[in-house]
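Okay, structure first, notes after.
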Amino acid sequence: IRQLVIPRGKNQPPLVFHYIPWFGSAAYYGEDPYKFFFECREKYGDVFSFILLGRSITVALGPKGNNLSLGGKVSQVSAEEAYTHLTTPVFGKGVVYDCPNDMLMQQKKFIKHGLTTEALQSYAPLMYSETEQFFKNELRLTSGSSPKTFEVFRKMSELIILTASRTLQGKEVRQALNSRFAKLFHDLDGGFIPLNFMFTNLPLPANRRRDKAQKEMSEFYMGIIRSRREGESDHEHDMISALQGCEYRNGVPLTDRDIAHMMIAILMAGQHTSSATSSWTLLHLAHRQDIADALYEEQVAKFGNPDGTFRDVTYEDTKELPLMDACIRETLRMHAPIHSIYRKVLSDIPVPSSLSAPSESTNYVIPAGDFILAAPGVSAMDPRVWEEPSTWNPHRWLDEKGVAAAAKESYSGATAEQVDYGFGQVSKGTESPYQPFGAGRHRCVGEQFAYLQLSVVISYIIRNFTLKLGTPEFPQTNYRTMIVLPLKGTTTFTPRKRAI
Ligand code: HEM
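All you need for UniProt numbering is the position in the sequence shown, starting with 1, plus 41.
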């Protein structure tokens, strides 16, 4: 047993009490991480450590705690050391966490340059028509049909991959979705599980399927790139076009394999996050009829034609829908898809005294070799920051005139534009209490795309359906998956009389 106990230095943060040495607090944390974080914060303060299946994890909570890891220097904290054995078998080699951080920063710049205003403008109508087809042809829900009840996350997952592939991923991926690609995605996704975050190379059948699917999917993308290079190109705004021809600063071009693996990374990064966010938003709208009605009125006011139909949504329009924006923002406050963001500690991190100090008046030190965990969802649900944090209240983001309020600026931290992914400098947004897209050098590059996708999909749904929860109570949360999902979240869609 002594060998299972991880030795601890005297200035290390307090360790959460646990009975079984190697197992540590795995069950307590795994079942409901937020309950764990809030209860431990009561006992130990903002900085504490716990044992998770043989690893020592130090949690740093609150905006200053988030800053400690998300704003940490490259010499102090490493995302690649924390994530590579989970992500590299899924994304493939040479990109994201299977390369030096400086290369990832350049890859993110390439992706960001692919998400131009022009590209996003071209995506809006494609997303809308894909959503319309999905509801009409796939779900068979039109103005005359009877109400139908669905497990909302399952249906949103189908729709999100359709809208992403029609736009960002490119038309070849969209065409293949009906056959080969869907199976490959399913097998690849089967390897994206918390167990693979904790252990390397587990001989699971799911991991064998994952490895086979990774190889095939990578070849599939490389095939697209090759045939595009040889043929006429009319693919305009998709990400493959944007990445072809990109060069690292040292003049080395992205290889076909790099592009293929980046495309897989983008697919995986956006799929469950946006599916979960759209699902939670719909569940809340189904629960809060008054807000769903107000959202419908916002659509009528902005897009309604005199004959009761609606005009199409454009990218610019989605920026002028304050209530829609507030609904998505509020959903992300309460249900940030990623509850724990990890970094490996490379060199000792002194904890500032403002974050709590041990009794001997020396400051804590988080030792090299530990993992540091940021949980921005804790500050996003903190009663010291927000009034009634457990109530889904989009109006908190609006001023009394219903306009997206200036107050939101103080919560939102850096926008994607403000973040400098380049080489050394990190934005100030790392100390915000609202960080569903992360902060600092690893901050999300997909935020604008995700907002567009969510706004378009929800606009279509709210125009055409009234929603009702399929269960008497609002669904609980499932924390056992990589992404925070609703547990048995069903919604009944009733077609409205006037539209479609
Ligand atoms: C990073 C959240 C959608 C691509 C992140 C991070 C978070 C996040 C929290 C930081 C991870 C870390 O610090 O370890 C979300 C949410 C989304 C979303 C809530 C939707 C609601 C997307 C989409 C894309 C995308 C649609 C692709 C177009 C990325 C990339 C990174 C990232 C490339 C950078 C990873 C890194 O630098 O380590 N996202 N994301 N995300 N996201 Fe997103």
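Heads up, the beta-carbon is just placed ideally off N, CA and C, and yes, glycines get one too.
By Cβ distance below 7 angstroms, which residues in the same chain neighbour residue i in space, the five residues on each side in sequence not counted?
i           : result
Gly155      : Met280, Ala283, Leu284
Lys529      : Thr512, Pro516
Asp252      : Pro130
residue 565 : The requested residue 565 is not part of the displayed model; the chain covers only 42 to 541.
Pro104      : Ser420, Glu472, Ser473, Pro474
Ala306      : Phe132, Val136, Val137
Met197      : Ser316, Ser319, Ser320
Phe233      : Val131, Met309, Met523
Val426      : Ser420, Pro474
Phe506      : Phe534, Thr535, Pro536, Arg537
For residue i, which residues from the same chain have a beta carbon less than 6 angstroms from its beta carbon, with the 5 sequence-adjacent residues on both sides left out?
i          : result
Pro55      : Tyr85, Phe89
His483     : Ala120
residue 10 : Because the chain spans 42 through 541 in this model, residue 10 falls outside it and cannot be assessed.
Ala447     : With a pLDDT of only 42 at Ala447, under the threshold of 50, the placement of this residue in the model should not be trusted; the figure read from the coordinates follows. Contacts found: none.
Arg49      : none
Thr359     : Leu493, Ser496
Asn237     : Leu127
Cys81      : Val57, Phe89
His278     : Ala160, Ser163
Leu336     : Leu364, Ile503
Checking the sheet assignment: what are the DSSP bridge partners for residue i?
i      : result
Val131 : None, per the DSSP bridge assignment.
Leu439 : Ala445
Glu192 : Thr531
Ile332 : Note: Ile332 sits in no beta bridge, so no partner.
Ser119 : Lys385
Leu56  : Ser90
Ala327 : Note: Ala327 sits in no beta bridge, so no partner.
Gly65  : Leu93
Val100 : Phe89, Leu414
Taking 8 angstroms as the threshold (C-beta atoms), are residue j and residue i in contact?
i      : j      : result
Ala421 : Ala377 : yes
Ala301 : Gly133 : yes
Val406 : Asp423 : no
Val354 : Tyr169 : yes
Glu371 : Pro435 : yes
Phe79  : Val392 : no
Thr183 : Leu200 : no
Leu324 : Ile332 : no
Thr190 : Thr533 : yes
Leu308 : Gln148 : no
Ile499 : Met365 : yes
Leu229 : Leu218 : no
Ala165 : Tyr356 : yes
Tyr520 : His380 : yes
Ala98  : Phe344 : Looking at the sequence itself, residue 98 is Ile, so the reference to Ala does not match. Going by C-beta atoms, Ile98 is not nearer than 8 angstroms to Phe344.
Phe151 : Cys287 : yes
Gly106 : Asp87  : yes
His328 : Leu180 : no
Residues in the same chain with beta-carbon distance under 8 angstroms from residue i, minus the five sequence neighbours each way, listed in chain order, please.
i      : result
Phe194 : Ser316, Ala317, Ser320, Leu526, Pro527, Gly530
Tyr289 : Met144, Gln147, Leu295
Leu225 : Ala254, Glu257, Met258, Phe261
Glu361 : Lys343
Leu439 : Pro363, Leu364, Ala367, Ala445, Ala446
My understanding is that residue i touches residue j, with C-beta atoms under 8 angstroms, so please give their C-beta distance in whole angstroms.
i      : j      : result
Leu508 : Ile369 : With 8 angstroms as the limit, Leu508 and Ile369 do not qualify as a contact, their Cβ atoms being about 16 angstroms apart.
Tyr70  : Leu102 : Actually they are not in contact, since the Cβ atoms of Tyr70 and Leu102 sit about 14 angstroms apart, beyond 8 angstroms.
Tyr383 : Ala205 : Between Ala205 and Tyr383 the Cβ distance is about 26 angstroms, and since that is not below 8 angstroms, they are no contact.
Asp299 : Gly487 : About 18 angstroms separates the two Cβ atoms, so there is no contact after all.
Ala415 : Leu111 : 5 angstroms
Pro188 : Thr518 : With a Cβ gap of about 26 angstroms, Pro188 and Thr518 do not count as contacting.
Leu167 : Arg221 : Their Cβ separation, rounded to whole angstroms, is 22 angstroms, which puts Leu167 and Arg221 out of contact at 8 angstroms.
Check: In chain order, which beta strand (DSSP E) runs of at least 3 residues are fully inside the segment 343 to 430?
Finding: 382 to 386, 412 to 415
Next item on the list: With a floor of 4 residues, list each alpha helix (DSSP H) that falls wholly inside the segment 271 to 319, ordered by position along the chain.
Entry: 280 to 284
Notebook entry, point to check: Which runs of the beta strand (DSSP E), 3 residues or longer, sit entirely within the segment 496 to 541?
Noted result: 506 to 510, 531 to 536
Next item on the list: Could I get the ranges of all uninterrupted alpha helix (DSSP H) runs contained in the segment 212 to 279, with 4 residues as the minimum, in chain order?
Entry: 212 to 217, 221 to 230, 235 to 239, 246 to 271
Margin query: My parser needs the alpha helix (DSSP H) runs of 4 or more residues fully inside the segment 142 to 172; what are they?
Written below: 142 to 155
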